[in-house]
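Going line by line, the protein sequences match chains E and B. Following numbering that gives the first Met the number 0, the numbering of the first sequence begins with 0 at its first residue and continues without gaps. Following numbering that gives the first Met the number 0, the numbering of the second sequence begins with 0 at its first residue and continues without gaps.
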Amino acid sequence: MKRHAILGTALAAALALAACGSDTSSPSSSSGGDDGGGSSGGTLTLGAIGAPATFDPAGSEWGNYAPFYQAVYDTLLLMTPEGEIEPFLATDWSYNDDNTVLTLTLRDDVEFTDGSMLTADVVKENLERFKNGDSPDAGYLAGVDEAVAVDETTVEIRLAAPDPALLNYLTRDPGLVASGEVLDNEDLATDPVGSGPYVLDTGATVTGNSYVYTQNPDYWNPDLQHYDAVTIKVFEDPTAALNAVKAGEANGVKLSTNDNLEEVGAAGWTVHADELNFHGLLLLDRGGTMNEALGDLRVRQALNYAFDREGLLQAIEQGHGTVTTQVFPESSEAFDPALDDRYTYDPQKARDLLAEAGYADNLTLSMPTSAVLGSTTFTLLEQQLADVGVTVEYTDPGNNYIADMLAPKFPLAFMALEQNPDWQLIQFMVGPNAVFNPFKYEDPEVNELMERIQFGDEDEQAAAAGELNAYLVEQAWFAPFYRAQGSFATDPATAVELVPTNAYPTIYDFRPAS
Amino acid sequence: MLRFVLRRLASGAGLVLVITTIAYALLYAGGGDIARRILGQNASQEQVAQKAANLGLDRPLWEQYTDWLGQAVTGEFGRSWFNGQLVTTSVTGRLAVTLSLVLGATLVAAAIAVVLGVLAAVRRGWIDRFVQFVSVLGFAVPGFLLALGLVLLFAINLGLFRATGYTPITTSFTGWLASVTLPIAALSISAIAAVAQQVRGSVIDALHRDYVRTLRSRGLGFRRVVFKHVLRNAGGPALAVLAVQFIGLLGGAVIVEQVFAIPGLGQLAVQATTSGDIPIVMGLVLATAVVVVVVNLVIDVLQAALNPKVRLS
């Protein structure tokens with residue numbers, strides 16, 4: 000029929016038109032350029048699971064937000080895929096005898112994209128802004144008394160007490176350096192000026208959705224510029240990320256779930272896996288101030304015996320991860336493989352320990368629950384605890400899950416926490432002032448070990464961290480279930496190496512596959 | 000006519016005021032600890048309390064609202080609490096994207112629905128049954144599910160369109176078409192279903208009217224009667240349904256934009272609401288409320304233009 004023919008023609012025309020468009024704008028077609036390891040590999044298109052809140056280094060975050068910042072800013076030090084700390088903006092560093100003054104020697108040839116130069120004053124200002132800024136990691140520099148520009152290329156960071164994590168901090172958000180000319184500029188949040196390998200194209204960028212970077216022609220370290228341009232797209236919806244992978248609309252994508260790994264593999268992509276978080280119960284009220292039972296070691300150990308970790312890993316993460324009972328990561332020297340199964344699934348033993356402590360069938364635990372973290376997890380926990388005679392009373396604090404946990408309003412809570420390098424991890428979840436030690440619980444033995452880590456030399460630090468790890472497991476400060484797998488997918492045209500300490504690969508570690 | 004438009008505009012402004020007041024109160028009720036969410040899980044309780052005080056979150060609700068309102072009437076909507084972007088910049092930029100989707104879907108829906116509806120009403124028989132079937136299907140299949148199917152077929156398997164992202168029409172027309180075709184298709188299906196049903200019903204109704212018989216008896220061709228007279232009479236109810244659909248599509252865009260990673264209002268609304276970015280959410284509420292008021296006004300004016308029997312009073 001005539002009408003059908005007209006409709007059909009119109010549709011075909013639209014398809015043809017659109018097809019031309021999709022060809023010219025497809026990222027994978029522009030990235031397959033031949034590359035001999037030099038500096039030109041077309042456009043690198045990355046997928047991230049969230050957008051950075053601001054480009055102001057003083058408000059910056061790391062983890063999944065790292066590539067947005069690394070593209071425009073350099074850090075003082077560099078973390079390699081081997082986990083080594085190497086020179087970057089700072090060529091050399093050394094501590095004084097009691098590890099309270101870190102002296103950094105800066106490069107003298109680094110120019111920001113506004114033409115101003117990197118100097119010790121600029122670094123000092125950046126460090127102080129970060130310490131007093133809005134970044135969730137501002138606390139990392141809390142122990143810094145002051146930063147002093149000794150001369151044009153020398154900065155001293157003076158500490159109240161030794162901070163074994165400081166060098167690591169300088170490889171990430173606290174180490175980002177913006178041009179000294181723009182630090183008071185309100186536009187810094189959306190219009191970054193750094194000395195990094197790329198420059199943000201603010202005209203082509205849609206905040207929260209896609210970030211377009213062009214190559215910095217005057218970069219001081221052209222060996223790290225493996226691409227002519229970089230685009231980072233934000234895929235908050237896992238389906239959008241998967242579709243981008245299948246349609247070849249990116250070169251590297253961080254996957255927020257492990258649900259679709261088979262489909263990603265089937266699309267010809269490589270999945271790079273790491274384990275950077277542990278999921279489990281934080282037995283926060285170890286002193287028994289809110290719930291007396293948790294002050295009893297036998298109860299905390301009983302909770303550790305009560306969980307079928309393998310079953311939880313299968314049910315919640317489809318088996319993508321490794322069961323564990325320790326909170327230190329595999330990359331740490333304190334890590335002990337034997338501590339991954341210190342507490343095996345043994346409901347009978349759990350019952351016995353509870354009975355011994357006087358809580359046979361009469362222990363009730365109040366915990367927060369959250370639909371956002373997945374209702375399956377909470378149901379399974381409730382069931383497995385019920386099996387050993389423990390009743391769970393859930394409260395849903397809505398958006399205040401973390402806030403209420405840290406208030407603290409619950410004696411224990413389910414959580415996924417990042418497993419950072421030793422001292423950072425200790426400051427995050429173990430020390431008396433750690434954010435995730437909201438009851439400010441202290442144990443003399445832990446304090447002593449922490450002191451040895453803080454003030455000891457490298458060997459002493461490693462030995463004491465190992466002892467601390469074993470002690471925390473034995474004392475059941477936590478009931479970890481497993482380290483969940485993090486997955487990063489790359490297309491066949493792209494090679495990448497993961498860093499052992501961050502959820503997102505370093506931007507310089509992406510290369511065109513040879 | 001002018002008086003009518005002015006009066007409608009005034010009542011629209013009142014409506015917008017009521018909507019923003021309610022939205023602000025609801026945000027406050029469901030807000031939670033916004034300062035904690037801004038600073039993240041690594042921040043200390045002291046930092047969080049300080050941030051809350053800086054943002055004025057420790058003040059009473061009415062004080063925060065009158066503050067916002069006072070600045071809003073002077074055109075000052077502030078900056079996002081999370082990324083420091085000006086509210087006007089981020090909302091207008093994204094409004095353009097969403098409107099291009101929703102307007103596109105409305106036009107496509109109107110065109111296809113009129114063709115289908117008229118065909119069904121005039122031809123009846125199998126075409127009618129087919130249109131009825133398609134309509135039910137269009138109602139039943141959720142937009143996001145359809146979006147997934149469309150992406151799988153046209154973007155991944157056939158490679159004809161883009162699966163994610165958005166190219167502004169000012170950058171490249173074909174690029175724009177490649178990025179909006181699937182979202183528009185996904186969005187327009189349910190609107191087509193609704194409007195086609197309405198057109199079909201109204202046309203059948205109109206065809207039985209006396210004036211049609213009179214016109215036919217005076218020798219006018221059937222086509223001319225249908226397109227010049229029947230459609231004009233049947234158009235009113237269809238337009239009303241289309242207006243309702245347009246507003247529904249604004250809501251549908253929220254999901255569809257997520258699936259296609261399109262930087263529209265929907266994506267921004269989800270981000271801002273879940274994080275508690277009150278300046279952005281209020282900007283969005285205001286923008287969508289104004290759009291809805293304007294669309295309703297335009298539809299009323301169109302109704303009058305289409306059919307002089309509709310008095311603008």
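We put the CB at the ideal spot given by N, CA and C, even for glycine. Since the structure is predicted, the reported quantities are computational estimates derived from the model, not experimental observations.
Cross-chain neighbours of residue i in chain C, by beta carbon under 8 Å
i, result
"B/V133", "Absent here is chain C; the protein component of the structure consists of chains E and B."
Residue-chain proximity (residue i, chain B), Cβ-Cβ < 8 Å
i, result
"E/A301", "no"
"E/E525", "A query on residue 525 of chain E cannot be resolved here, the shown segment of chain E reaching from 0 to 513 and no further."
"E/G202", "no"
"E/G37", "Note on E/G37: pLDDT 42, under 50, position unreliable in the model; the coordinate value appears next. No - not a single Cβ of chain B is within 8 Å of the one on E/G37."
"E/D133", "yes"
"E/T500", "no"
"E/I48", "no"
"E/V434", "yes"
"E/A402", "yes"
"E/T53", "yes"
is_contact[residue i, chain E] using C-beta, thresh 8 Å
i, result
"B/F221", "no"
"B/M281", "no"
"B/V17", "no"
"B/V150", "yes"
"B/L186", "no"
"B/A119", "no"
"B/T65", "no"
"B/A52", "no"
"B/G83", "yes"
"B/S99", "no"
"B/D204", "no"
"B/D299", "no"
"B/A162", "yes"
"B/G275", "yes"
N- and C-terminal bounds of the beta strand (DSSP E) containing residue i
i, result
"E/S93", "A89 to Y94"
"E/S486", "F477 to T489"
"E/E392", "V389 to T394"
"E/T269", "T269 to L281"
"E/P367", "L362 to P367"
"B/V243", "From DSSP, B/V243 is part of no beta strand (DSSP E) but of the alpha helix (DSSP H) over L230 to F259."
"E/S209", "S209 to Q214"
"E/R299", "Taken as a continuous stretch (DSSP letters only), E/R299 belongs to no beta strand (DSSP E), being part of the alpha helix (DSSP H) at L296 to Y304."
"E/G46", "T42 to A47"
Whole-Å CB distance - residue i paired with residue j, under 8 Å assumed
i, j, result
"E/A177", "E/P56", "5 Å"
"E/G49", "E/V233", "7 Å"
"E/R350", "E/G388", "6 Å"
"B/V253", "B/A268", "6 Å"
"E/Y503", "E/G62", "7 Å"
"E/D284", "E/L293", "5 Å"
9 Å Cβ cut-off: residues of chain E touching residue i
i, result
"B/G92", "V205 and T206"
"B/L147", "T238 and N242"
Where residue i meets chain B, residues with beta-carbon distance less than 9 Å
i, result
"E/E235", "Q257, A260, Q266, V269 and Q270"
"E/S209", "G164, Y165, A260 and P262"
Within chain B, partners of residue i - CB distance below 8 Å
i, result
"E/E60", "G39"
"E/I425", "Under the 8 Å cutoff, chain B gives no residues; its nearest Cβ is about 14 Å from E/I425."
"E/G575", "Absent from the structure is residue 575 of chain E, since the part of chain E shown begins at 0 and ends at 513."
First and last residue of the uninterrupted alpha helix (DSSP H) at residue i
i, result
"B/N53", "Q44 to L54"
"E/K123", "A119 to N131"
"B/L94", "V86 to R122"
"B/D204", "F172 to L206"
"B/L285", "I277 to L305"
"E/Y168", "L165 to Y168"
"E/F67", "A65 to V71"
"E/E530", "A question about residue 530 of chain E goes unanswered here, because the residues of chain E that appear run from 0 up to 513."
Contact list for residue i against chain E, beta-carbon separation under 8 Å
i, result
"B/I155", "N242, K245 and A246"
"B/D127", "Under the 8 Å cutoff, chain E gives no residues; its nearest Cβ is about 15 Å from B/D127."
Contact list for residue i against chain B, beta-carbon separation under 7 Å
i, result
"E/L405", "Q44"
Take every Cβ of the stretch 148–157 of chain E, pair it with every Cβ of the stretch 43–57 of chain B, and state whether three or more of those distances are shorter than 8 Å.
-> no
Three or more C-beta pairs below 8 Å linking the stretch 242–255 of chain E and the stretch 301–318 of chain E = no
Taking one C-beta from the stretch 280–297 of chain B and one from the stretch 4–20 of chain B each time, how about it: are there three or more such pairs within less than 8 Å?
-> yes
Quick check: the stretch 123–132 of chain B against the stretch 276–286 of chain B, are there 3 or more CB pairs under 8 Å?
-> Not touching, per the Cβ criterion.
Decide if the stretch 101–112 of chain B is in contact with the stretch 80–100 of chain E; the criterion is three or more beta carbon pairs, one per stretch, under 8 Å apart.
-> Verdict: no, contact absent.
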